[in-house]
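Trainee:
Residue numbers (the numbering used here): 1 to 302.
Now the structure itself:
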């Protein structure tokens, strides 16, 4: 037992040497928006306190001038990197920082000033753990050069929104407070014809330090992983109107004394169409953009 515990401690310590990262760039329908509308964190260090206001959009972040225009039903891609470089030779989040990737949206009055704490966050995409392949969401993220694509719900109302992209690193989550939260918020304006205003959760408040998907020892083997937060928002489809039935048609009888029979047409059987099943878009791999180094200081995990 002592040897096993020591091995776990070594793995967690080794994992924390490298790998800190931030969500940085945004793509809209395959078009690179770079950092136009991201509230970029001051450093690549994680948030560990789920009750802190930093859990909303990360520490020290504030609104920026840029707002990215998106269309309801369109595709948006968020992009993560360890440092201020888009070099795909480096993992997006390294050091075996295994865990889920989760994306939320929240409707706000003004995306440039809203802090997100008063908003209702609804989940639009999530990836967790695939027991069949043994891969976590971060493995897929790294394979896609830090990109995760999702579809903006087509029925949501026009207006300003914040997009919250998050990766939760679980390499040290065997004890309360050990999980590491990496998140950034993007400012967007959604245009569409829908009117839905999905309900959701608040940050802080959505997570507890003892949630099954946050307090977990991933080195003990994981069969089923419970992704934190609410269910992914699903568009509600209205059923089709029933088919109109035809009135019975009277058949004229003969005047002859011979007994006659009257035939009455049976009404047409009606059916109600089932609603169309909706699904959340799977990640779409996009081409790697040109490296754009920035002078901000980032540090490796310690």
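Glycine is no exception: its CB is placed at the ideal position from the N, C-alpha and C atoms.
Starting from residue 28 and walking both ways along the alpha helix (DSSP H), at which residues does that stretch end?
Mentor: Indexing the chain shown from 1 puts residue 28 at position 28. Here residue 28 belongs to no alpha helix (DSSP H); instead the beta strand (DSSP E) covers 22–28.
Trainee: Exposed or buried, residue 31, counting other C-beta atoms within 10 Å across all chains shown (16 or more means buried)?
Mentor: Position 31 of the chain shown, counting from 1, holds the residue named residue 31. Classification for residue 31: exposed.
Trainee: Could you pull out every residue in the same chain whose Cβ sits closer than 6 Å to the Cβ of residue 204, ignoring the five residues on either side in sequence?
Mentor: Here residue 204 refers to the residue found at position 204 when the chain shown is read from its first residue. Residues 51 and 55 of the same chain have their beta carbon placed closer than 6 Å to that of residue 204, with the five preceding and five following residues left out of the count.
Trainee: For residue 275 and residue 153, I'd like the C-alpha separation in whole angstroms.
Mentor: Residue numbering aside, residue 275 sits at position 275 when the chain shown is read from its first letter. Residue numbering aside, residue 153 sits at position 153 when the chain shown is read from its first letter. Because the pLDDT of residue 275 is 40, which lies under 50, any placement of that residue in the model is unreliable, and the number read from its coordinates should be weighed accordingly. Residue 275 and residue 153: Cα-Cα distance of roughly 17 Å.
Trainee: Do you know how far the Cα of residue 163 is from the Cα of residue 93?
Mentor: Your numbering for residue 93 matches position 93 in the chain shown. Your numbering for residue 163 matches position 163 in the chain shown. Approximately 20 Å, taken between the alpha carbons.
Trainee: Hey, would you say residue 116 sits closer than 8 Å to residue 107, going by beta carbons?
Mentor: Working through the chain shown from its first residue, we reach residue 116 at position 116. Working through the chain shown from its first residue, we reach residue 107 at position 107. Cβ atoms of residue 116 and residue 107: not closer than 8 Å.
Trainee: Any chance you could list the beta strand (DSSP E) runs of at least 3 consecutive residues sitting entirely within the segment 82–144, in chain order?
Mentor: 101–108 and 121–127
Trainee: For residue 28, tell me which candidate among 233, 37, 22 and 121 has the shortest Cα-Cα distance.
Mentor: Counting from one through the chain shown, the residue named residue 28 turns up at place 28. Checked all of 233, 37, 22 and 121; the closest Cα to residue 28 is 37.
Trainee: For chain B, check one thing: does any of its Cβ atoms lie closer than 8 Å to the Cβ of residue 72?
Mentor: This model lacks chain B altogether; it includes just one protein chain.
Trainee: Give the single residue among 200, 128 and 111 whose Cα lies nearest to the Cα of residue 166.
Mentor: Counted from its first residue, the chain shown places residue 166 at position 166. Residue 128 holds the alpha-carbon nearest to the alpha-carbon of residue 166 among 200, 128 and 111.
Trainee: When you compare only the Cα positions, how much space is there between residue 71 and residue 158?
Mentor: Here residue 71 refers to the residue found at position 71 when the chain shown is read from its first residue. Here residue 158 refers to the residue found at position 158 when the chain shown is read from its first residue. Taking the Cα positions, residue 71 is about 9 Å away from residue 158.
Trainee: Starting from the Cα of residue 46, find the closest Cα among 64, 66 and 23 and give me that residue.
Mentor: Along the chain shown, one-based indexing puts residue 46 at 46. Of the listed residues, the one whose Cα sits closest to residue 46 is 23.
Trainee: Would you kindly check if the distance between the Cβ of residue 223 and the Cβ of residue 132 is under 8 Å?
Mentor: Working through the chain shown from its first residue, we reach residue 132 at position 132. Working through the chain shown from its first residue, we reach residue 223 at position 223. No, they are not a contact pair.
Trainee: Have a look at 100, 123 and 113 and flag the residue whose alpha-carbon is nearest the alpha-carbon of residue 142.
Mentor: Along the chain shown, read from residue 1 onward, the residue named residue 142 stands at position 142. When only C-alpha atoms are compared, the closest one is 100.
Trainee: Quick check on the DSSP output: the beta strand (DSSP E) that includes residue 160 runs from which residue to which?
Mentor: Numbered from 1 along the chain shown, position 160 holds the residue referred to as residue 160. Looking at the DSSP string, the run of the beta strand (DSSP E) that includes residue 160 is 159–169.
Trainee: Identify the continuous alpha helix (DSSP H) that holds residue 222 and give its terminal residues.
Mentor: Locating residue 222 in the chain shown gives position 222, counting from the first residue. Element bounds for residue 222: n/a, residue is neither H nor E.
Trainee: Go through its chain and collect everything with a Cβ distance to residue 39's Cβ below 8 Å, but skip five positions before and after it.
Mentor: Here residue 39 refers to the residue found at position 39 when the chain shown is read from its first residue. Excluding sequence neighbours, residue 39 sits near 57, 58, 61, 62, 63, 64, 184, 185, 186 and 187.
Trainee: Leaving out five residues on either side along the sequence, give the residues of the same chain with a beta carbon under 6 Å from the beta carbon of residue 19.
Mentor: Reading the chain shown from its first residue, position 19 is the one you call residue 19. If we look at residue 19 and ignore the five residues flanking it on each side, its Cβ neighbours are 93, 94, 95, 97 and 301.
Trainee: According to the Cβ coordinates, are residue 173 and residue 214 closer than 8 Å?
Mentor: Mapped onto the chain shown, residue 173 falls at position 173. Mapped onto the chain shown, residue 214 falls at position 214. Yes; because the gap between Cβ atoms is below 8 Å, this pair is in contact.
Trainee: Over what stretch of residues does the alpha helix (DSSP H) that includes residue 190 continue unbroken?
Mentor: Counting from one through the chain shown, the residue named residue 190 turns up at place 190. Taken as a continuous stretch (DSSP letters only), residue 190 belongs to no alpha helix (DSSP H), being part of the beta strand (DSSP E) at 180–191.
Trainee: When you compare each of 219, 189 and 210 to residue 48 by their alpha carbons, which one comes out closest?
Mentor: Taking the first residue of the chain shown as position 1, residue 48 is located at position 48. For residue 48, the nearest C-alpha among the options comes from 210.
Trainee: Could you check how far apart the C-beta atoms of residue 229 and residue 206 are, in whole angstroms? I think they sit under 8 Å.
Mentor: The residue you call residue 229 lines up with position 229 of the chain shown. The residue you call residue 206 lines up with position 206 of the chain shown. Between residue 206 and residue 229 the Cβ distance is about 6 Å, and since that is below 8 Å, they are a contact.
Trainee: Could you work out which residue in 218, 236 and 67 is closest to residue 168 when comparing CA atoms only?
Mentor: As a working note, residue 168 is residue 168 in the chain shown. For residue 168, the nearest C-alpha among the options comes from 218.
Trainee: Would you kindly work out how many angstroms separate the C-alpha atoms of residue 235 and residue 124, rounded to a whole number?
Mentor: Walking along the chain shown from the start, residue 235 turns up at place 235. Walking along the chain shown from the start, residue 124 turns up at place 124. Cα to Cα, residue 235 sits roughly 10 Å from residue 124.
Trainee: On the premise that residue 73 lies in contact with residue 151, defined as a C-beta separation below 8 Å, what is that separation, rounded to the nearest angstrom?
Mentor: Locating residue 151 in the chain shown gives position 151, where the first residue counts as 1. Locating residue 73 in the chain shown gives position 73, where the first residue counts as 1. 7 Å between Cβ atoms; contact.
Trainee: Nearest-angstrom Cα distance between residue 208 and residue 200?
Mentor: Numbered from 1 along the chain shown, position 208 holds the residue referred to as residue 208. Numbered from 1 along the chain shown, position 200 holds the residue referred to as residue 200. Rounded to whole angstroms, residue 208 to residue 200 spans 16 Å at the Cα level.
Trainee: Can you tell me which of 160, 89 and 171 puts its alpha carbon nearest to the alpha carbon of residue 112?
Mentor: Residue numbering aside, residue 112 sits at position 112 when the chain shown is read from its first letter. Of the listed residues, the one whose Cα sits closest to residue 112 is 160.
Trainee: Which of the three DSSP states, helix, strand or coil, is assigned to residue 37?
Mentor: The residue given as residue 37 occupies position 37 in the chain shown. Coil.
Trainee: Taking the alpha helix (DSSP H) that residue 152 falls in, what are its first and last residues?
Mentor: Here residue 152 corresponds to residue number 152 of the chain shown, with the count starting at 1. It is not in any alpha helix (DSSP H) - residue 152 carries neither H nor E in the DSSP assignment.
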